[in-house]
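Let me begin by presenting the structure, written as C-alpha cells, before commenting on it.
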Amino acid sequence: MDAVIGEEQEEIRRTLRELLRGRCGGDEVKAAVRTAAGYDQALWARLARRLGLPGLALPTAYGGVGCGPVELALACEETGRALLPSPLLATAVLAAPLIAALGTDAQRAELLPRIAGGELTAALAVPGRVLSRALGLDQEGDGRVAADWAGGGRAGGVQARAGGGGWRLYGQVEQVLDGHSAQLLLVAARAGGYARGRTLVFAVPAGAAGLVRTRLTALDETRPQARIELRDVPAELLGEDGADVAGALAALGGPAAAVLAAEAVGAADAALTRTVDHVRTREQFGRPIGSFQAVKHRLADVYVAVQAARSAAYYAAWAADGPEGRVAGPLALAAALEAQRAAAGEAVQLHGGIGITWEHDAHLYLKRAASDELLFGPAHRLRARAADRDGLFAAAVTV
C-alpha cells in the first residue's frame, strides 16, 4: 500500500470542494436542514451522479467506484469542511459496509448497486444509544456486550420473533442518524430470549407496516436523528441466522472511526481558517487583533492540533483494512474530536459577540463538535478502548 496521497485522490478532493463551494454555504446549510429530508436532495443526487460519492468505497461489481477508506476519508474531510447535511455517513460509512459484510449474495446484488447510484439511502439502528459501543470503539464488540447494547432479551431493546414464514420486530431505537429519511433501515435486534439469545440485523424498508419514525430535535441539525418505533414490523434477516454480527460491527468500527476523524478534521480546519481570516481584518486599538501575541498563541495551538489530527486520520484511513486499523481509527478519532472542539471553541471566542449569534456560522461548528463527541466520544474513552485492545496496560506476567 502507498501512504502518499496520489493525483487521483487529490482530484476527488478538488472536485468535491468545487462542487460544495457554491452549493453549501452557511445559508444553504441552514435551509437544507429545515427540509423534510434534512438535506439538499438535488445536491445529493448531483454528488452521486458526478462523483459516485455514495459508492466511492464500494466494489465496481456492485456499481461502486472501487476506491477504499482513504478516498472516502478524503471525501468526508471536504464534506466536514462544508458541514454538508447528507446521508453519506449513515449510508456509505455505516450501512453499506454492513450489507457487504453480512448480506447474502442476493441482498448485496439488490441493495448495493442502488446505494452506489444514490437511489437508496440507509441507516443503522442500534438500540440503547450506544453506537460507539456497537462499533467496538468503546467496549469490546463480543457477544456479551452485543447482548447488552441490543437489548439482551430484556425490555428496552429490539426483539425479533420468527414465525409465519418471516421475522417480526418489536421495540424502539433512539438517536438513529438519518433515521427519519432513510429508505432502508438496518435494525440490530435480539432473537431467542435472554438465555440463548443472539444478535441479528434486519432490513426494514421505510414503508413497512407498523414502522413509526419521528425526527428528533438535535443539537446539531446537520446530523439529523430520529426515534424508530417498531410495532410488529415485518423484516428481512440480513445474511444468515448465526452470522457474527458483533464481529462485523466491530470490524466496521476502525474504518468508520477513520472516516469520522477525517470529517472532524475538515470541520476543524474550516473553523480555524474562518477565525484566522477574521482576526486579520478585525481591528482593536488601531491594529488587527491577530497581531496580538496572545491571539497568535491560541491559534498556533489549534493549528498544531488540527495538523496532528489530520496526520492521524490519514494514517488510520490507510491502515483501516489492516490489523492496526482497529486501534488507529479510535485514536485518530480521539485526536480529531479534540482538535474540532478546540477550533470551534476558539472560533466562537475570537469572533467576539458575533460568534454567538444565529446569523454567523461559528455556532454551526461548535454544535458539530459537541454532537460528535456525544455520539462517538468522548476522547478519553476512545483512547482507553484502543489501549485495552492493544494490550498497553495488560498485567505483567510473572514467572
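The sequence shown begins at 149 in my numbering and counts up by one.
Just so you know, even glycine gets a beta-carbon here, dropped at the ideal spot from N, CA and C.
All values derive from a computational prediction rather than experimental measurement.
Asked                                                                                                                                                        : Found
Grab me the residues of CYS215's own chain with a C-beta within less than 6 Å of its C-beta, minus the 5 sequence neighbours each way, in chain order.       : LEU204, ALA205
Between GLU258, PRO235, PRO261, which has its C-alpha nearest LEU272's C-alpha?                                                                              : PRO235
Report all residues from its chain with a CB closer than 8 Å to the CB of ASP449; omit the five preceding and five following residues, and keep chain order. : ALA490
Between which residues of its own chain and PRO245 is the CB-CB distance below 6 Å, once the five residues before and five after are set aside?              : LEU400
Can you tell me whether LEU540 is helix, strand or coil according to DSSP?                                                                                   : coil
Using CA atoms only, rank isn't needed, just tell me which of ALA465, PRO207, ARG516 is closest to ARG229.                                                   : ARG516
For VAL360, does the count of other Cβ atoms within 10 angstroms reach 16, so buried, or fall short, so exposed?                                             : exposed
Per DSSP, what are the beta-bridge partners of THR362 in this structure?                                                                                     : ARG375
Measure the Cβ-Cβ separation of GLY284 and ARG531 and say whether it is below 8 Å.                                                                           : no
Alpha carbon to alpha carbon, how far is ILE376 from ALA467?                                                                                                 : 34 Å
Using DSSP with H/G/I as helix, E/B as strand and the rest coil, what is GLY300?                                                                             : For GLY300, the predicted structure reports a pLDDT of 47, less than 50, and the residue's modelled location is therefore unreliable. A value from the coordinates is still provided. In the structure shown, GLY300 sits in coil (DSSP, three-state: anything other than H, G, I, E or B).
Classify ARG338 as buried or exposed, calling it buried when 16 or more other Cβ atoms lie within 10 Å of its own Cβ.                                        : buried
Do you know whose CA, among THR269, GLY500, ALA257, lies nearest GLY438's CA?                                                                                : GLY500
Give the list of continuous alpha helix (DSSP H) stretches no shorter than 4 residues that lie fully inside the segment 469-501.                             : 473-498
Sort ASP392, VAL381, ALA457 by Cα distance to GLU411 and report the nearest one.                                                                             : ALA457
Given ASP124, which residues of its chain have a CB within under 8 Å of its CB, disregarding the five upstream and five downstream residues?                 : Nothing in the structure corresponds to residue 124, since the chain is present only between 149 and 547.
Using DSSP's beta-bridge definition, name the partner residues of PHE350.                                                                                    : VAL335, LEU385
Buried or exposed, going by whether 16 or more other CB atoms sit within 10 Å of the CB of ALA249?                                                           : buried
May I have the straight-line CA-CA distance separating ARG435 from GLU156, to the nearest angstrom?                                                          : 43 Å
Straight-line CA distance for GLY301 to THR505?                                                                                                              : Only weak support is given to the placement of GLY301: the predicted model assigns it a pLDDT of 42, under 50, and the question is left unresolved by the model.
Taking the alpha-carbon of SER519 as reference, which of THR365, ALA179, GLY311 has the nearest alpha-carbon?                                                : THR365
Between which residues of its own chain and ASP188 is the CB-CB distance below 6 Å, once the five residues before and five after are set aside?              : ALA180
How many angstroms separate the CA atom of ALA282 from the CA atom of HIS328?                                                                                : 21 Å
At the level of alpha carbons, what is the spacing between GLY387 and ARG309?                                                                                : 16 Å
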